[in-house]
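The block underneath contains the structure these notes are about, expressed in structure tokens.
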Amino acid sequence: MNRTFVTTLDDFKTWVEPLIASGQFTKVAFDTESQDGLNWDLARLVGISFCNGVEACYFDLSNLDLTPDVIDYLRYVFGSIKKLVAQNFPYDLKTLICSGIIKDVIDTTITRSIFDTMTALHLVDENGSSGLKEAALKYKLAQPGDIKKWSDVKDYGHSSQKFYDYAITDSIWTWQLHEILGVRLKQLGLLDLFFKIEMPFQFVLTELEMSGLTLDLQRLGDIHNHLQELRLNYEVEMLECLGREHTIQKTLFGDPIYISPVNFRSSPQLIKVIGGLGLDIPLNKDGKLSVGKKTLLKLSGKHKFIDTLMLYKTATKLLNGFVDKLPNHCCRDLRIHPSFNNTGTVTGRLSCSNPNMQQLPKNKKSVGANIRECFVATPGKKLVVADYSGQELRGLTEVTKDPGLIHDFDKGKDIHFTTANSVMKLGVPEEALYDSHPDYESYKNKFKVERDKIKNGVVFPIVYGTTAMGVSATLNISETKAQSYIDGFFKLYPKVKDAIQKTIDELKTKHYVRNLAGRYRRFPDFSNRAVRQAFNFKIQGYSADMIRLAAIKVLALKSTYPEWCLKMNLIVHDEIVCEVNEQYASETAKAIKECMETAVKLCIPLVADVAFAGDYHNAKP
DNA sequence: GGCTGCGAGACTCG
DNA sequence: TCACGAGTCTCGCAGCC
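Numbering (this note's numbering), first residue to last: 1 to 621.
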């Protein structure tokens with residue numbers, strides 16, 4: 001491989017022009033180098049490396065003003081490339097957009113024909129690393145001694161030969177990996193999943209990270225004050241229960257600081273304190289004393305201390321985990337830009353971090369705090385939230401093709417209610433189990449408790465491959481009774497049991513299973529746990545690919561309706577959050593619903609619920 | 001004595 | 001309650017200077 005290093009636009013032109021002219025620059029691996037700022041959009045582009053399999057070049061931009069001339073030329077270069085190869089393409093795309101070389105995620109001067117090696121690595125081995133350096137070793141592109149870490153070269157600066165070598169190597173490895181992985185994907189029958197779902201979805205990932213979501217610091221501040229006062233009150237109450245009190249210190253400015261003699265965040269200390277109240281702490285499944293939610297629920301009502309502790313824990317979690325942490329993630333545009341990781345889970349779901357917007361607390365009525373209300377649309381805009389109705393149950397139906405499930409979804413029969421009615425012998429007339437029947441709502445209200453128990457305690461856990469033991473623990477009933485509930489479900493929907501058995505057979509003979517999108521999950525060893533994971537993967541993993549297809553369609557709305565000024569903010573497993581000009585909110589909601597419901601064709605209807613409002617909580621359907 | 005890294009436990013979500 | 005899939009926080013211990 002010929003390696004060239006250039007520091008001026010003219011030298012870069014000298015290198016790249018003949019390649020473009022001769023057609024040898026149509027398929028190119030590239031990698032951008034940027035210097036991270038505190039804020040996501042302050043990252044400065046310091047260089048780009050290119051590799052077409054024969055030639056490699058690193059263009060050092062760290063000492064160059066990114067004048068319109070330079071930007072325009074680089075835009076022309078990227079516009080000339082017919083196939084872009086990259087390791088973690090969404091990140092490079094973001095860098096190019098932030099530096100002005102590419103306009104936005106729907107910029108049509110840039111090819112949509114891309115190959116992301118990180119995603120390819122994950123598809124061919126979801127249990128292994130999808131990192132470039134690990135892959136270079138695994139596929140024997142490099143020896144352990146060849147691997148340089150960023151920390152090895154950063155002291156030499158962006159214009160050192162050591163840094164050049166480091167940077168150019170990344171694009172060379174990326175090129176070599178894409179050649180190897182292209183063959184592997186074909187051998188494994190993964191080309192459709194890769195090119196029809198994963199690659200178009202790369203643009204969605206960039207859109208998500210660039211859009212972010214506005215955080216209302218004022219509202220969050222109010223919640224902070226409220227929860228802090230509440231937490232102090234709870235602490236005082238708990239200490240009263242124990243016959244103890246705070247020591248009070250004063251700050252330089254005379255404000256009191258309350259110091260508790262007990263750290264209520266410490267499990268060992270709580271075990272001592274609760275034991276001292278004469279309450280028996282049950283052992284957990286590992287045979288250890290535990291003061292988690294399960295224990296506290298069992299002890300609740302037996303002592304005022306326990307009830308206050310539960311509220312204290314909720315308030316503390318919200319304060320320490322969210323209210324006081326979220327502002328640290330706020331960028332100068334007052335928005336939070338989380339990272340979405342396409343290769344972060346073994347099932348194909350997305351993971352999210354810094355912060356994890358997928359674990360944002362729902363409305364906590366017990367302590368009167370609603371953090372989701374702090375995520376707001378900017379003035380003149382609305383948040384549109386759409387989520388799949390019963391996505392996993394519909395996935396279960398598609399996977400099992402159970403005639404009962406198909407019939408019930410087709411005819412609008414309530415599956416949870418049907419199951420509850422059957423196993424608990426509620427005596428609801430058969431026709432009233434259909435949502436179109438005039439008596440449906442009144443029966444549903446009458447047996448709300450029973451229906452919820454079966455929904456959360458039996459039907460849902462079956463998707464996780466639960467056992468009678470699990471159901472009995474959840475619903476606090478005997479194992480015999482629990483088994484009868486499970487049997488009752490299988491009697492109504494017998495193909496579900498067949499599908500689980502089929503999964504067991506697949507696992508034993510092939511050591512892997514695939515979902516309906518072709519995605520693999522491999523299991524080196526057979527176990528009951530592996531059976532649960534494999535069966536759940538078929539449903540959860542398919543849901544993940546379904547939301548990908550839906551999001552690709554939603555992204556296309558950006559170019560179809562530019563006047564909407566649509567931004568896609570979040571994907572939370574079965575939910576898509578967008579921000580849009582107020583006057584188009586209703587129209588957008590309809591369009592997004594349509595995108596989601598037509599993302600895949602199932603044997604039953606696919607339904608999405610949608611709503612819009614000024615904040616995330618109130619826009620929940 | 002104080003700092004850092006790490007695992008365990010707890011809690012958040014779908 | 002916690003079976004399936006995640007990320008983050010705090011505590012408390014071990015190891016180091």
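Backbone N, C-alpha and C fix where the C-beta goes; we use that ideal spot for every residue, glycine too.
Using a 10 angstroms sphere on the CB of Y616, the tally of other CB atoms reaches 16 or more, which defines it as buried. The distance from the Cβ of L507 to that of V531 is about 6 Å, consistent with a contact at the 8 Å cut-off. The region 153–188 is shown to contain whole alpha helix (DSSP H) runs of 4 or more residues at 161–187, in chain order.
Contact annotation, W175 with C51: C-beta distance approximately 4 Å; criterion of less than 8 Å satisfied. According to DSSP, residue pairing for F50 in a beta bridge involves F30 and C57. One Cα belongs to T308, the other to G278, and the distance between them is close to 17 Å. By the beta-carbon neighbour count (other beta carbons within 10 angstroms, threshold 16), C603 is exposed. Three or more beta-carbon pairs separated by less than 8 Å are not found between the region 534–549 and the region 140–149, which leaves the two stretches without contact. Here the alpha carbon of R335 sits roughly 18 Å from the alpha carbon of T95. Look at L64 here: in three-state DSSP terms it is coil, with no helix or strand label. Using a Cβ-Cβ distance cut-off of 8 Å, the region 345–353 and the region 221–232 are not in contact, since fewer than three pairs of beta carbons, one from each stretch, lie closer than that value. In this structure, A550 keeps its C-beta atom at 8 Å or more from the C-beta atom of V384.
Between V554 and C578, the C-beta spacing is below 8 Å. Between the alpha carbons of R244 and I271 lies a distance of about 17 Å. Where L213 is concerned, there is no enclosing alpha helix (DSSP H), although the beta strand (DSSP E) around it starts and stops at L213 to L215. The C-alpha of D92 lies about 44 Å from the C-alpha of Y312.
Looking at the DSSP output, D615 sits in a beta bridge with V376. For P605, the secondary structure class from DSSP, reduced to helix, strand or coil, is coil. Non-local C-beta neighbours of R548 in its own chain, meaning closer than 6 Å and more than five positions away in sequence, comprise I197 and F201, ordered along the chain. Comparing alpha-carbon positions, the option among E594, F612 and K601 lying closest to N581 turns out to be F612.
Boundaries of the beta strand (DSSP E) harbouring C352: S351 to S353, taken from the DSSP string. Residue nearest to C241 within the set K294, N284, K302 and D216 is K302 (criterion: CA-CA distance). For E392, the closest C-alpha among the options S290, L45, M546 and L326 is that of M546. Per DSSP, T345 lies in no beta strand (DSSP E) segment and is marked neither H nor E. Taken in chain order, the complete beta strand (DSSP E) segments of 3 residues or longer contained in the region 360–442 are 381–388.
In this structure, the CA atom of R521 is about 6 Å from the CA atom of R514. Look at M568 here: in three-state DSSP terms it is strand. Taking a C-beta distance under 8 Å as the contact criterion, M357 and L492 do not qualify as a contact pair. Note on geometry: alpha-carbon atoms of D414 and Y388 lie some 16 Å from one another. Separation of C374 and Q359 (C-alpha to C-alpha, rounded to the nearest whole angstrom) is 15 Å.
In the structure shown, P461 falls within a helical segment according to DSSP collapsed to helix, strand and coil. Taken through DSSP and simplified to helix, strand or coil, K140 comes out as coil. Around the beta carbon of M596, 16 or more other beta carbons lie within 10 angstroms, which makes this residue buried. Boundaries cannot be given for P261, as no alpha helix (DSSP H) includes it and DSSP labels it neither H nor E.
Comparing C-alpha distances from H329 to each of L215, L350, E479 and V458 shows the shortest one belongs to L215. Boundaries around L309 are those of the alpha helix (DSSP H), K304 to L318, since no beta strand (DSSP E) includes it.
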